[in-house]
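Novice: First residue of the sequence shown: 1, per the working numbering; consecutive thereafter.
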Amino acid sequence: MVSLYVIALVSQADVIGPRHVEPGAWDVVSKVVDITVPGVPGFLVRMARGKSKAEHKRVSQGQGVDALLAPDPEARCRIESQSVADGRYAQTLACPQKKSTPLHIVRSGSYDASGFAGQAIVTGTTPKGALRITLDQRASRIGA
């Protein structure tokens with residue numbers, strides 16, 4: 001009886017939020033929803049809103065959504081905290097800048113076997129004041 005209960009819980013966990021994703025090529029697309037950067041001309045801010053950038057990732061067999069959430073190594077960001085469970089994720093990153101304090105990125109959203117969707121909020125300081133950028137993010141498989 002107990003073993004049937006355990007099997008039911010394991011099966012239910014997979015339905016609620018499987019951590020594994022299909023191996024292959026993936027795109028993580030970040031779209032600028034809102035942006036405040038002191039000292040940047042208004043027309044450049046308006047041009048940035050709605051723009052998207054894709055980060056290409058390769059996921060191997062057996063890897064989970066964690067692989068899609070991993071920061072770009074070139075950015076040298078450090079994961080300060082991360083929670084990935086029950087179809088939801090939350091992550092906090094610190095990313096160094098050359099001449100200022102680190103940028104902080106707080107990400108949260110939902111995931112399933114087909115990828116993830118959520119929001120990232122980037123905060124930090126520039127010589128002219130505080131910056132804040134809000135991004136919508138979505139990961140989707142684009143090929144084998």
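Ideal Cβ placement from N, Cα and C applies to all residues, glycine included.
Note that the coordinates shown come from a computational prediction; the quantities given were computed from them, not determined experimentally.
Three Cβ pairs or more, each shorter than 8 Å: is that satisfied between the region 120-132 and the region 86-106?
Specialist: yes
Novice: Throw me the rounded Cβ distance for the Leu68 and Val106 pair, which I believe falls under 8 Å.
Specialist: Not confirmed; about 17 Å, so no contact.
Novice: Could you tell me which uninterrupted beta strand (DSSP E) segments, each at least 3 residues in length, are contained entirely in the region 71-128, listed from first to last along the chain?
Specialist: 78-85, 88-95, 103-112 and 115-126
Novice: Taking the beta strand (DSSP E) that Val21 falls in, what are its first and last residues?
Specialist: Per DSSP, Val21 belongs to no beta strand (DSSP E) and is neither H nor E.
Novice: Between the alpha carbons of Gly62 and Ala85, how many angstroms are there, rounded?
Specialist: Taking the straight line from one Cα to the other gives about 16 Å.
Novice: Where does Val10 land, buried or exposed, given buried means 16+ other C-beta within 10 angstroms?
Specialist: Summary for Val10: the model assigns pLDDT 36, below 50, so the residue's position carries little reliability; its value from the coordinates is reported in the next sentence. So Val10 counts as exposed.
Novice: So, helix, strand or coil for Arg46, using DSSP?
Specialist: helix
Novice: Between which residues of its own chain and Glu22 is the CB-CB distance below 6 Å, once the five residues before and five after are set aside?
Specialist: Arg141
Novice: Helix, strand or coil for Val37? Go by DSSP, reduced to three states.
Specialist: coil
Novice: Compute the beta-carbon to beta-carbon distance between Tyr111 and Gly87, rounded to the nearest angstrom, for a pair I have assumed lies under 8 Å.
Specialist: 6 Å
Novice: Rounded to whole angstroms, what is the Cα-Cα separation between Lys51 and Ile133?
Specialist: Answer to the nearest angstrom: the Cα atoms are 12 Å apart.
Novice: Expressed to the nearest angstrom, what Euclidean distance is found between the alpha-carbon atoms of Pro71 and Cys77?
Specialist: 6 Å
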